[in-house]
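Before any comments, here is the structure.
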Amino acid sequence: MARTTTVIGLLGTQLDQGKDSNRWERWRPSVDLCRHDDLVVDRFELLAQRRFFTVARQVADDIRSVSPETEVAIHDVPFRDPWDFEEVYGRLHDFARGYLFRDDVDYLVHITTGTHVAQICLFLLTESHHFPARLLQTSPPGREASGTPGKYTIIDLDLSRYDRLASRFQLEQQEDLSFLKSGIETRNEAFNALIERIERVAIASKAPMLLTGPTGAGKSQLARRIYELKRRRRQLEGPFVEVNCATVRGDQAMSALFGHVKGAFTGAARDRAGLLRSADGGLLFLDEIGELGADEQAMLLQAVEEKRFLPVGTDREVASDFQLIAGTNRDLGAAVGRGEFRDDLLARINLWTFPLPGLRDRSEDVEPNLGYELDQWAHRSGTRVAFNKEARARFLRFATGPEGLWPGNFRDFNAAVVRMATLAEGGRINEALVDEEIARLTRAWQQALPAAESEALEGYLSDEARERLDRFDSVQLAHVLSVCRRSRTLSEAGRKLFDVSRTRRTTTNDADRLRKYLERFGLSWADVRGSQGAA
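One rule links them: number in the numbering used here = place in the sequence shown (from 1) + 1473.
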């Protein structure tokens, strides 16, 4: 069955007007639309206020005279004020909801007639697919073409159909992704996919976000980049307010976060706005949110849900409309189980949870991050520093190999580059400087490892089981669990952990190999994913 074409349009109470024979000498959009040889209109849904039905019937008769195949139906749209946006949109929305659209019909929405408000409303309803149609714009003929029906243009609002626009959007997205990554050309596929998801959510949503991952993984920097991206797109106008919750614990925490009024307690000599009010209209980044006390968690939940809360010392609520990004290196799910974190607050903030991997899990990105850190050094110091070829290779082997533990992640990495750049004579980092830095890092990590390993295994093994582990097993198991937490499946984790040895075997079953390794410590894949979750 051949497809038909239906036009939906408003009566032009002025442009379509015409009572005598002279009306054929004027351009009338609704009538002349049906005079085009290359646009066959099978049906015209003419929308009009009842008080203009006389004009509408005249237009319908004239359409039938110039296009006998066109069926015209007049519909009452009872606008009291055609310039009232709310009323016009509501009436047109009601028409769209009540109209029976058919799959075998091509619909065109005519936006030349009606008030400017009505035209805008038709555009919005078409863009939102309440009208499953394309837009139709008509224009009068020029003097040289007098007597012709003028011109028409069909506009498809599916922007993916326009190659140049699609290229612009793709370029814009690539710029946004590069911005979130500070311009670093990262190579880790999982990390790049994570940043792409964050970019989409950041642009499309104002809901809270939760950034998880080890200390130094870049949560604070990413939160600020998200804020700057949203500000560039004019989605936020207020400030970026960063709070390390570990520093606002204790008696003064409520006052610091939620403010107080004068006289609320001894020493409260004047009103204090508090950090949440300071973030009004902007973005609030609560790093180490798991360190908040029970009272602060309860108040924060209210502030996130209702955008209102009580400063200390008053029963009068204040308002602050901010977007929340929370950061943590703790397992908040386990903290809920221990009664240390509110389950309703966790449910509210983890709608969008993004686990940031540590540097050890992104060995492909060590080299591009090295270039980034050297550029940052040059920007801050005004002096460009570079490695010689042998020194660069030596440092990269260490940084990406088993010796490169990087427990402080990018904080450790940044500090190492800064130290070498500072000591580089003539702007060149040589092998001696690299060896000196490697020795310094190794000593520091050996001193810090026992506590870090023990913390990494908490929630998986009992205190007694951790004490029975050799240092070798403790280090290895901590790393294996870190990889597992950041892998979607057992097989994916196995491929990452055995990426070298698997190339030397004729058959590979990385999942089974990893499963047996975990069983040595009484662990299963479900234990690993269930205990630490997506963090």
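Beta carbons are placed, not taken as given, at the ideal position from N, Cα and C, and that holds for glycine.
Predicted, not measured: the structure shown is a model, and the values here were computed from it.
Residues bridged to Lys1624 by DSSP? The residue given as residue 1624 occupies position 151 in the sequence shown. In DSSP, Lys1624 forms a bridge with Ser1612.
Where Pro1605 and Asp1577 are concerned, what is the direct C-alpha to C-alpha distance, given to the nearest angstrom? Position 132 of the sequence shown holds residue 1605. Position 104 of the sequence shown holds residue 1577. Their Cα atoms are separated by approximately 12 Å.
By Cβ distance, which residues of its chain are closer than 6 Å to Gly1587, with the 5 residues on each side in sequence left out? Sequence index remark: in the sequence shown, residue 1587 carries index 114 (1-based). Excluding positions up to five away in sequence, the list reads Leu1483.
Residues of its chain near Leu1869, where Cβ-Cβ distance is below 8 Å and the 5 sequence neighbours each way are ignored: Against the sequence shown, residue 1869 aligns to sequence position 396. Val1839, Glu1840 and Leu1843, listed in sequence order.
C-alpha distance - Thr1478 paired with Glu1542, whole-angstrom precision: What you label residue 1478 is simply residue 5 of the sequence shown in a count that begins at 1. What you label residue 1542 is simply residue 69 of the sequence shown in a count that begins at 1. Roughly 11 Å between the two C-alpha positions.
Quick one: which unbroken beta strand (DSSP E) runs of 3-plus residues sit fully inside the stretch 1859-1928? Chain order, please. none
Given a threshold of 16 other Cβ atoms within 10 Å of its Cβ, counted over all protein chains shown, does Val1721 qualify as buried or as exposed? Numbered from its first residue, the sequence shown carries residue 1721 at position 248. Buried, since its Cβ has 16 or more Cβ neighbours within 10 Å.
Any idea what DSSP makes of Arg1789, helix, strand or coil? Locating residue 1789 in the sequence shown gives position 316, counting from the first residue. Arg1789 falls in the coil class under three-state DSSP.
Range covered by the beta strand (DSSP E) that runs through Trp1825: Sequence index remark: in the sequence shown, residue 1825 carries index 352 (1-based). Counting along the chain, the beta strand (DSSP E) containing Trp1825 begins and ends at Trp1825 to Pro1828.
Could you say if the stretch 1610-1625 and the stretch 1587-1596 meet the contact criterion of at least three C-beta pairs nearer than 8 Å? no
Start-to-end residues for the alpha helix (DSSP H) that takes in Ala1767: Stepping through the sequence shown from its first residue, residue 1767 is reached at position 294. Where Ala1767 is concerned, the enclosing alpha helix (DSSP H) stretches over Ala1767 to Glu1779.
In this structure, does DSSP put Ile1481 in helix, strand or coil? On the sequence shown, residue 1481 is found 8 positions in, with the first residue counted as 1. Here Ile1481 sits in strand by DSSP.
I want to check one thing, is the minimum distance from the CB of Met1893 to the heavy atoms of the ligand GDP below 7 Å? Judged by which ligands are present, the structure shown has none, so any question about the ligand GDP falls away.
From Glu1863 to Ala1905, what does the alpha carbon distance come to, in whole angstroms? Mapped onto the sequence shown, residue 1863 falls at position 390. Mapped onto the sequence shown, residue 1905 falls at position 432. The alpha-carbon atoms of Glu1863 and Ala1905 are separated by roughly 10 Å.
Any contact between the stretch 1736-1748 and the stretch 1701-1712? By contact I mean 3 or more CB pairs, one from each, below 8 Å. no
Just list the residues that DSSP pairs Glu1715 with in beta bridges. Counting from one through the sequence shown, the residue named residue 1715 turns up at place 242. Phe1758, per the DSSP bridge assignment.
Asp1943, DSSP secondary structure in three states: Counted from its first residue, the sequence shown places residue 1943 at position 470. Reduced to three states, the DSSP call for Asp1943 is coil.
According to DSSP, which residues form a beta bridge with Asp1579? Here residue 1579 corresponds to residue number 106 of the sequence shown, with the count starting at 1. Thr1478.
C-alpha distance - Arg1530 paired with Arg1523, whole-angstrom precision: Numbered from its first residue, the sequence shown carries residue 1530 at position 57. Numbered from its first residue, the sequence shown carries residue 1523 at position 50. Near 11 Å, if we compare the C-alpha coordinates of Arg1523 and Arg1530.
Indicate whether Asn1882 and Leu1832 have their beta-carbon atoms separated by less than 8 Å. Along the sequence shown, read from residue 1 onward, the residue named residue 1882 stands at position 409. Along the sequence shown, read from residue 1 onward, the residue named residue 1832 stands at position 359. Closer than 8 Å, so yes.
Say whether the stretch 1780-1791 touches the stretch 1725-1740, bearing in mind that this needs 3 or more beta-carbon pairs closer than 8 Å, one atom from each stretch. yes
Helix, strand or coil at Leu1815 [DSSP, three-state]: Mapped onto the sequence shown, residue 1815 falls at position 342. Residue 1815 is actually Arg in this sequence, not Leu. Coil, per DSSP.
Less than 6 Å between C-beta atoms, sequence neighbours within five positions excluded: which residues of the same chain meet that for Phe1758? On the sequence shown, residue 1758 is found 285 positions in, with the first residue counted as 1. Cβ neighbours of Phe1758 beyond the five flanking positions: Ala1696, Glu1715 and Ile1798.
Kindly give me the distance between the Cβ atoms of Val1532 and Asp1489, rounded to whole angstroms, as I take these residues to be in contact under 8 Å. Counted from its first residue, the sequence shown places residue 1532 at position 59. Counted from its first residue, the sequence shown places residue 1489 at position 16. Their Cβ separation, rounded to whole angstroms, is 5 Å, which keeps Val1532 and Asp1489 in contact under 8 Å.
Pick from Ile1628, Ser1751 and Asp2000: whose alpha carbon is nearest that of Gln1610? As a working mapping, residue 1610 is identified with position 137 in the sequence shown. Among Ile1628, Ser1751 and Asp2000, the Cα nearest to that of Gln1610 belongs to Ile1628.
If the criterion is Cβ atoms closer than 8 Å, does the pair Leu1520 and Val1539 meet it? For the purposes of this step, residue 1520 is taken as residue 47 along the sequence shown, with counting starting at 1. For the purposes of this step, residue 1539 is taken as residue 66 along the sequence shown, with counting starting at 1. It is not a contact, given that the beta carbons lie outside the stated cut-off.
Count Cβ pairs between the stretch 1650-1664 and the stretch 1812-1828 that sit closer than 8 Å; are there 3 or more? no
Taking 8 Å as the limit between beta carbons, can you name the residues of its chain near Met1772, skipping five residues before and five after? As a working mapping, residue 1772 is identified with position 299 in the sequence shown. Cβ within range, chain order: Met1727, Leu1730, Phe1731, Phe1782 and Leu1783.
Which residue or residues does DSSP assign as beta-bridge partners of His1509? Position 36 of the sequence shown, counted from the start, is the residue given in the question as residue 1509. Answer by DSSP bridge pairing: none, since His1509 is not bridged.
So, is Glu1498 buried or exposed, given that buried needs 16 or more other C-beta atoms within 10 angstroms? Residue mapping note: residue 1498 aligns to position 25 of the sequence shown, counting from 1. That one is exposed.
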